[in-house]
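Reading through the structure tokens given below for one structure.
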Amino acid sequence: TTDSPTQNFATLSPTRVRGTIILSEGNLKIESGATSYACSATTLKFSETASQGLYFEAKSVGSLNDSVSVLLMRDTVNVSGLGNNQQFADCFGLQSRGGGCGNTYWTAEDGANGYDTGVSHSSNDYIQVAFKEGKVWFGINNTWIGSGNPATGANPTYNNIAGQDFRFLITVYQNNALELNFGQKSFNYTPPTGFVAVQQDNLPETARGV
Numbered sequence: 119t120t121d122s123p124t125q126n127f128a129t130l131s132p133t134r135v136r137g138t139i140i141l142s143e144g145n146l147k148i149e150s151g152a153t154s155y156a157c158s159a160t161t162l163k164f165s166e167t168a169s170q171g172l173y174f175e176a177k178s179v180g181s182l183n184d185s186v187s188v189l190l191m192r193d194t195v196n197v198s199g200l201g202n203n204q205q206f207a208d209c210f211g212l213q214s215r216g217g218g219c220g221n222t223y224w225t226a227e228d229g230a231n232g233y234d235t236g237v238s239h240s241s242n243d244y245i246q247v248a249f250k251e252g253k254v255w256f257g258i259n260n261t262w263i264g265s266g267n268p269a270t271g272a273n274p275t276y277n278n279i280a281g282q283d284f285r286f287l288i289t290v291y292q293n294n295a296l297e298l299n300f301g302q303k304s305f306n307y308t309p310p311t312g313f314v315a316v317q318q319d320n321l322p323e324t325a326r327g328v
């Protein structure tokens, strides 16, 4: 890893959490308990107006019994106060449904389910996230959902996200696990042109690790 005091990459926060959660591997692996949702937000926040594109990957590991989610969360959300399934409030994101739930991806926004993408997933797949200027794209194994193209700005999963600062929120359920890479090590896939790691040097000076 290239993370150091002078190259501060995002990790998952041990204080911005909800549920029975296990963080390991330098707070880059997240696991849940057996019966409930658990989630953790990133340590770094960023503005929707930032012109620098941000990119990271989440690898699903272990058996996928139920849902995992990669979400864009408004910074004002009280993570520890979220109730069951409330992690979608004030969030924009991608939820994968595993096991008996259908093995498909769909988006969620402000507590309401969006469209079913029809994209299958399995263990060891990579979820990709690209965010720039109020737009976010989600991909799976280097195929961007909805014919998205972060490099050209085409077909974002969500468009015109605005209002305040954001963090990424990662959610797991029923012993699922995700391994996050915000750029501390080489990405599995090449980031789209114009997108960089989620690192403090790539964020405005107002970004803070909490």
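In terms of our numbering, the sequence shown opens at residue 119 and continues consecutively.
The beta-carbon is built from N, C-alpha and C at its ideal position, and this holds for glycine as well.
Q | Minimum length 3: unbroken beta strand (DSSP E) runs contained in the stretch 233-261 | A | The stretch 233-261 contains these whole beta strand (DSSP E) runs: 244-250, 253-258.
Q) What whole-angstrom Cβ distance do Tyr173 and Val247 have, given they're in contact under 8 Å? A) 7 Å
Q. Quick one: is Ala176 buried, meaning 16 or more other Cβ sit within 10 Å of its Cβ, or exposed?
A. buried
Q. How do the stretch 262-277 and the stretch 124-131 stand: do at least 3 beta-carbon pairs fall below 8 Å, yes or no?
A. no
(Q) Could you check whether the stretch 293-312 touches the stretch 241-260, counting it as contact only if at least three pairs of C-beta atoms, one from each stretch, sit closer than 8 Å? (A) Contact between the stretch 293-312 and the stretch 241-260 is present: 3 or more CB-CB pairs across the two stretches fall below 8 Å.
Q: Taking all protein chains shown into account, decide if Lys303 is buried (16 or more other Cβ within 10 angstroms of its Cβ) or exposed.
A: exposed
(Q) Using 8 Å for Cβ pairs, my map puts Gln61 next to Asn278. What's the rounded Cβ distance? (A) Summary: the structure shown does not reach residue 61, with the chain confined to residues 119 through 328, and so no result is reported for it.
(Q) The beta strand (DSSP E) that contains Leu93, what's its start and end? (A) Here the chain has residues from 119 to 328 only, and residue 93 is not among them.
Q.
Can you look up Ser304 in the DSSP assignment and give me helix, strand or coil?
A. Correct three-state label for Ser304: coil.
Q) Taking DSSP as the reference, what is the three-state secondary structure of Val170? A) What sits at residue 170 in the sequence shown is Gln, not Val. Per DSSP, reduced to three states, the secondary structure at Gln170 is coil, with no helix or strand assignment.
(Q) Using the Cβ count rule (16 or more neighbours within 10 Å means buried), how would you classify Ile140? (A) Residue burial annotation: Ile140 is exposed, with fewer than 16 other C-beta atoms found within 10 angstroms of its C-beta.
Q) Buried or exposed: Gln282, going by 16 or more other Cβ atoms within 10 Å of its Cβ? A) exposed
Q. Three-state secondary structure (DSSP) at Asp283?
A. Residue state, collapsed to three classes: strand.
Q: On the DSSP bridge assignment, give the partners of Ile148 in chain order.
A: Leu141, Leu296
Q) How is Asp316 classed by DSSP in three states: helix, strand or coil? A) A small correction: the amino acid at residue 316 is Val; Asp does not occupy that position in the sequence shown. Looking at Val316 - three-state DSSP - the assignment turns out to be coil, as it is neither helix nor strand.
Q.
Let me confirm a value: Gly144 is counted as buried when at least 16 other C-beta atoms fall within 10 Å, else exposed. Which label applies?
A. exposed
Q) Residues in its own chain within less than 6 Å of Gln317 by CB, not counting five upstream and five downstream? A) Phe127, Gly301
Q | DSSP-derived helix/strand/coil call for Val197 | A | helix
Q) Of the residues Asn242, Ser185, Ala269, which one's Cα is nearest the Cα of Trp255? A) Ala269
Q | Cα-Cα separation, Phe305 to Leu200 | A | Between Phe305 and Leu200, the C-alpha separation is close to 31 Å.
Q: With DSSP collapsed to three states, give me the class of Gly211.
A: strand
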